[in-house]
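Asker: Quick one: this structure, given as structure tokens, is what I'll be asking you about.
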Amino acid sequence: MSRPPLPPFTEATAIQKVRMAEDAWNGRDPAKVALAYTPNSQWRNRAEFINGREAIEAFLARKWAKELDYRLTKELWTFADNRIAVRFAYEYHDDSGYWFRAYGNENWEFDEEGLMQRRLASINEHPIAEADRKFHWPLGRRPDDAPELSALGL
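Residue numbers for the sequence shown follow our numbering, so the first one is 11 and each next one is one higher.
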């Protein structure tokens, strides 16, 4: 199974890969998102180590069951050959109505078919007031005219 764009990445294809990942995660469909990863993909997500597509799908299902009204934006940081580094921020609320914003960095490594074989994520989050939210688009894909992280000062 091939997942274009394929490495080695150019700036344009790295940006495209980042936006495709952002769009998929904003769709919040664990089974669909998991297909972007190799069957034996290795993740480090905060202090959790996740191995394999099935475990990724289960992790994402748990994540989005707790992180309600999840909205994410990603921005390319750098790229080379089959690797891409991104920075991101996302907002969500819990089942008590408390809002949070998470910031982080991810390092991605892809196989020759364009599937992510390794994802290393460092994430910090903090509570925010609902009035301090910056991501207000309807659930799903971030509109093309919505500001990116740099434009928001994040």
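Ideal Cβ placement from N, Cα and C applies to all residues, glycine included. All values derive from a computational prediction rather than experimental measurement.
Output the distance between the C-alpha atoms of leucine 16 and glutamate 123, rounded to the nearest integer angstrom.
Answerer: 6 Å
Asker: Consult DSSP for lysine 144 and reduce its assignment to one of helix, strand or coil.
Answerer: coil
Asker: Would a C-beta distance cut-off of 7 Å place leucine 130 and asparagine 117 closer than the cut-off?
Answerer: yes
Asker: Work out the CA separation of tryptophan 35 and tryptophan 147 for me, nearest whole Å.
Answerer: 15 Å
Asker: Just the C-alpha distance for arginine 63 and arginine 54, rounded to the nearest angstrom, thanks.
Answerer: So the alpha carbons of these two residues sit roughly 13 Å apart.
Asker: Asparagine 55 bridges to which residues according to DSSP?
Answerer: Partner residues in the beta bridge of asparagine 55, as assigned by DSSP, are Glu58, Ala131.
Asker: Thinking just about the alpha-carbon of each residue, which of Asp104, Asn134, Ile133 is nearest to the one in glutamate 140?
Answerer: Glutamate 140 has its Cα closest to that of Asp104, out of Asp104, Asn134, Ile133.
Asker: Quick check: the Cα distance between lysine 27 and glycine 163, rounded to an integer number of angstroms?
Answerer: 23 Å
Asker: Less than 7 Å between CB atoms is the rule here; does methionine 30 satisfy it with respect to chain D?
Answerer: Chain labels in this structure do not include chain D; a single protein chain is all it has.
Asker: Rounded to the nearest angstrom, what separates tyrosine 80 and tryptophan 74 at their Cα positions?
Answerer: 7 Å
Asker: Let me check understanding here. Comparing Cα to Cα, which of Arg111, Leu82, Glu58 lies closest to isoleucine 138?
Answerer: Arg111
Asker: Buried or exposed: where does serine 106 fall if 16 or more other Cβ atoms within 10 Å of its Cβ makes it buried?
Answerer: exposed
Asker: Please tell me whether alanine 24 and leucine 86 are closer than 7 Å, where the distance is taken between their beta carbons.
Answerer: yes
Asker: Tell me, which residues are paired with valine 43 by DSSP?
Answerer: Answer is none; valine 43 lacks a bridge partner.
Asker: So leucine 159 and threonine 83 are supposed to be a Cβ contact under 8 Å. How far apart are they, rounded?
Answerer: 6 Å
Asker: Is it the case that the Cβ atoms of arginine 56 and isoleucine 133 are separated by a distance below 7 Å?
Answerer: Yes. Within cutoff.
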